[in-house]
Amino acid sequence: MCKDRLTLVVRNMPHNQSTTLLPPVPIHFSLIEDAENFFLSHYGSTWEGIIGLGYPKLMMDNIPTRKSQVEQVLSHSPWIRVLWKLFERTPEQLHPFETLTSAWNLPNMFSLLLCGMTQLNVEFSIVDSGTTNIQFPERVFQPLLRHIKTYLAKQSSSTAAMLQNYASFWAGASMLCETSSDNQIGGATGLPYTLFPVIEFQMLVLDADVNREALSLTLSPQQYIRFVGRHPKNGVMRDCFAFGIRPHHSGTILGAVFLEGFFTVFHRDSLQVGFGNSTCNRYSNMSTVTSSMVNGVRAWKSSIGRKTPSECAFHRPVSPEWMEFIRIANVVVSIFTFIVIIMHFTTSLTVFIYQHVECCR
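Each residue of the sequence shown is one higher than the one before, counting from 1 in full-length UniProt numbering.
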């Protein structure tokens with residue numbers, strides 16, 4: 001355990017015109033080299049969060065990527081760097097694939113467009129292994145919560161009936177605890193997992209027809225009703241669970257609760273995220289408890305109110321005339337700047353040759 005003082009800087013967004021230095025506060029922290037059961041505990045934990053150190057030295061691979069090689073060339077060639085900036089492609093939404101791989105100016109985060117509800121994409125959707133839970137905007141969280149409660153109401157169980165009005169559980173303020181009845185979590189009945197539905201996520205994918213197909217993933221309640229440990233009460237051991245979905249002020253974050261269900265690959269060089277089936281995402285051995293899985297590319301269900309997968313995505317309203325004007329202006333400015341650079345280079349070379357000739361005389 002380490003102890004230090006943390007100083008925070010508040011920056012005036014979005015223009016960064018001024019900064020305010022807050023008084024330092026004492027903090028305790030640990031350096032994690034290897035971890036198991038990494039989720040933040042709901043039971044007597046004093047941890048406030050996880051800080052990732054995004055320094056380039058910690059992120060460098062032994063084999064340089066194409067991106068890092070280009071950056072090395074640019075760092076030694078200022079005039080190439082100027083031209084690179086002029087012709088570098090901006091993250092504008094040209095088509096759905098651009099939207100899928102856009103990084104949204106968040107360093108070391110990968111954006112991911114979710115289909116089915118436009119509200120998911122109004123701000124941004126990111127996959128973040130440093131966030132414990134799944135976080136949705138309030139206007140998405142509330143309908144999802146209603147669907148889960150409706151499904152729960154159809155289950156013939158005293159636990160299901162109790163959860164209907166257990167507001168602090170849905171708010172993440174308290175846990176659901178069941179008496180441990182077996183060596184495995186959920187015992188011989190699979191409770192509470194068998195009470196909850198699976199949640200399907202549909203996403204745009206590079207190799208699919210964006211007008212007719214989408215990638216389907218199902219998330220098991222074994223992930224979003226997350227196990228937080230066994231705890232004694234009055235001499236009896238109990239399995240305790242927390243609701244792993246939270247409301248968020250803006251945007252969507254698919255945290256560790258989501259990532260735990262899949263074998264997840266982050267391709268930093270191409271800014272892509274890949275999902276595969278995991279062999280270690282089960283807490284219950286009961287066959288009645290479904291696993292999280294990648295269902296593959298499926299036909300789009302137009303019944304959700306969108307005829308094509310790309311229609312569910314959020315697109316920033318930009319006038320086509322203005323877009324065309326901006327593109328033409330960028331091309332003209334780029335050509336003009338290129339000519340100026342060439343003329344400057346030619347002039348400098350001519351002066352050098354002239355001075356050299358004068359010197360030789």
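Every residue, glycine too, gets a C-beta built ideally from N, C-alpha and C.
Helix, strand or coil at residue i [DSSP, three-state]
| i | result |
| --- | --- |
| S287 | coil |
| S278 | coil |
| K149 | helix |
| T264 | strand |
| F196 | coil |
| A256 | helix |
| T131 | coil |
| E123 | Per-residue confidence for E123 stands at a pLDDT of 42, beneath the threshold of 50, marking its modelled position as unreliable; no derived number is given. |
| residue 383 | Only positions 1 to 361 of the chain appear in the structure, and residue 383 is not among them; the question remains open. |
| residue 367 | Not covered by the structure: residue 367. The range shown for the chain is 1 to 361. |
| A171 | coil |
| S181 | coil |
| S156 | coil |
| N211 | coil |
Proximity below 7 Å, CB of residue i to CB of residue j
| i | j | result |
| --- | --- | --- |
| G190 | T290 | no |
| C240 | V257 | no |
| N223 | A214 | Residue 223 is actually Gln in this sequence, not Asn. Cβ atoms of Q223 and A214: not closer than 7 Å. |
| T252 | F136 | yes |
| R238 | T179 | yes |
| S284 | I185 | yes |
| N295 | S216 | yes |
| T132 | G235 | no |
| L163 | L145 | no |
Cβ-based neighbour list, residue i, same chain, cut-off 6 Å, excluding 5 preceding and 5 following
| i | result |
| --- | --- |
| I341 | none |
| R5 | P24 and P26 |
| S212 | Note that residue 212 is Arg in the sequence shown here, rather than Ser. Cβ within range, chain order: W300. |
| K233 | none |
| Q155 | L195 |
Contacts around residue i, its chain only, beta-carbon distance under 7 Å, and the 5 residues preceding and following it disregarded
| i | result |
| --- | --- |
| R282 | Q222 and S291 |
| M293 | T218 and N277 |
| E260 | Q223 and N281 |
| P143 | none |
| S157 | L195 |
| W170 | L145 and F243 |
Beta-bridge pairing of residue i - partner residues as DSSP gives them
| i | result |
| --- | --- |
| M162 | Partner(s): none; M162 has no beta bridge. |
| H248 | P137 |
| K233 | V236 |
| V273 | F266 |
| L201 | This sequence places Phe at residue 201; Leu is not what is there. DSSP, once it has assigned bridges, lists L217 as partnering F201. |
| A242 | R226 |
| L191 | BP columns for L191 are empty, so no partner. |
| R5 | P26 |
| L176 | F241 |
Beta-carbon separation (whole angstroms), residue i vs residue j, contact threshold 8 Å
| i | j | result |
| --- | --- | --- |
| G244 | I335 | Going by Cβ atoms, the distance from G244 to I335 rounds to 53 Å, so no, they are not a contact pair. |
| I148 | P192 | With 8 Å as the limit, I148 and P192 do not qualify as a contact, their Cβ atoms being about 12 Å apart. |
| L195 | T159 | 6 Å |
| V331 | V205 | With 8 Å as the limit, V331 and V205 do not qualify as a contact, their Cβ atoms being about 32 Å apart. |
Residue i: CB within 6 Å of a non-hydrogen atom of the ligand ADP
| i | result |
| --- | --- |
| S180 | Judged by which ligands are present, the structure shown has none, so any question about the ligand ADP falls away. |
8 Å CB neighbourhood of residue i in its chain, flanking five on each side removed
| i | result |
| --- | --- |
| H248 | Q135, F136, P137, E138 and F141 |
| Y43 | Only weak support exists for where Y43 lies, its pLDDT of 48 falling under 50; the value from the coordinates is given anyway. Counting only Cβ-Cβ distances below 8 Å, and skipping sequence neighbours, we find M175, V228, G229, H231 and C240. |
| R246 | N133, I134, Q135, F136, F141 and G172 |
| S168 | S174 |
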